[in-house]
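FYI, the numbering for the sequence shown is -7 to 313, going by the numbering used here. Note that CB positions come from ideal geometry on N, CA and C, so glycine has one too. Contents: one structure, followed by commentary.
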Amino acid sequence: YHIRPEAIPKTRYLMGELAADKHVKYIISIEKKKDNFESVVMEHLRMNGAYWGLTTLDLLGKLDAMMEVLFVGGFAGNIGHDPHILYTLSAVQVLALFDKLDVLDIDKVSNYISGLQNEDGSFSGDIWGEVDTRFSYIAVCCLSILHRLDKVDVDNAVNYIVSCKNLDGGFGCTPGGESHAGQIFCCVGALAITGALHHVDKDLLGWWLCERQVKSGGLNGRPEKLPDVCYSWWVLSSLIMIDRVHWISKEKLVKYILGCQDLENGGISDRPDDAVDIFHTYFGVAGLSLLEYPGLKAIDPAYALPDDVVKRIFFAHRHCR
Ligand code: GRG
Ligand code: ZN
């Protein structure tokens, strides 16, 4: 994409406020420094990086102002890499952000996804067959965005997710797998999208999730673990989907996220004083959006896309279906 850095205003920020234009600058700078260490490590994740960076810009209200996108559809992590359902979702999300879903061969993409469903309702991530509730979420989310949920056995997909539910109310990767906030987001998100949230014990899961808030105000992903900004997404979106967000302190979490900013060069890290990255910058801003931080667009907790984008997907193009 083409960038106009001169369009970014220069502001000095105080601790305790969101350094919005620094973060815009940071996101844009990543695309420019394609061969530094972080970029090489992240190369296989470029499609996910595009989703994290571009969604953050949209939440900050800077998507249109900053760039035009020259986008060629592809569903691998990068050009020339193997396809995987993880990158397929990021590609679909990026196209949804730009209202360009029509460039897709929707039958081809939805056949690829439905071909990954197994007998027991689970989904594999690619032809190599690893099974994980992350892939159930991705399949359901992608097909819903493409209006093609009818291409898979939704009841069976729901049954598999329910079989990954634990006695503590949480969910794991596979049946019997330990509850983890990331997997909980995937399972609750997929159940929300398919209208099957009645399978969740909201009080039990809400209790487990709100116990993720630690003294500093941050959230961890499992008992006894360190807090990390990305759980502001995984935990908070789940709490919102089950109507239990008032069980944590929003003020303390806002403070924690703001304390993980690099106020000088932009970007957000997992914990205060760690190095920033695009993944935590996205989850920090998305978390603040869920917390209704002023000046940010609202984000949908199940689709992980701005509310206006989700509205456009399900209402604006009704006549096309
Ligand atoms: C559209 C937002 C969105 C996601 C797509 C890929 C995916 C669907 C979801 C991933 C869910 C997941 C498993 C997130 C957890 C990521 C993470 C921080 C893992 C680290 O786990 P550990 O055990 O670290 O290494 P902890 O924090 O427990 O010490
Ligand atoms: Zn993290």
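- Uninterrupted beta strand (DSSP E) stretches at least 3 residues long and entirely within the stretch 185 to 242 do not occur.
- In terms of Cβ geometry, Ala149 and Ala184 do not form a close pair [threshold 9 angstroms].
- When Phe163, Val277 and Glu111 are compared, the shortest CA-CA separation from Tyr248 is found for Val277.
- Close CB contacts of Leu189 within its chain, under the 8 angstroms cut and outside five residues either way in sequence, are with Val180, Leu183, Met233 and Ile234 (chain order).
- Chain order is used for the residues whose beta-carbon lies nearer than 5 angstroms to a heavy atom of the ligand ZN, namely Asp220, Cys222 and Asp262.
- Asp269 sits in a strand when the DSSP states are folded into three classes.
- Inter-residue distance for Val154 and His191 is about 7 angstroms (C-alpha atoms, whole angstroms).
- Nearest neighbour of Lys143 by Cα position, chosen from Gly169, Glu170 and Lys100, turns out to be Lys100.
- Straight through space, the alpha carbons of Ile176 and Asp269 are spaced by roughly 23 angstroms.
- With distances taken between CA atoms, Arg263 lies nearest to Val206 out of Ile77, Ser171 and Val206.
- Relative to the ligand GRG, Cys133 has its C-beta within less than 8 angstroms of a heavy atom.
- Taking a cut-off of 8 angstroms on C-beta distances, the stretch 223 to 231 touches the stretch 239 to 255, as three or more cross pairs fall below it.
- Residue burial annotation: Pro286 is exposed, with fewer than 16 other C-beta atoms found within 10 angstroms of its C-beta.
- Going by beta carbons, Ser224 and Leu283 fall inside the 9 angstroms limit.
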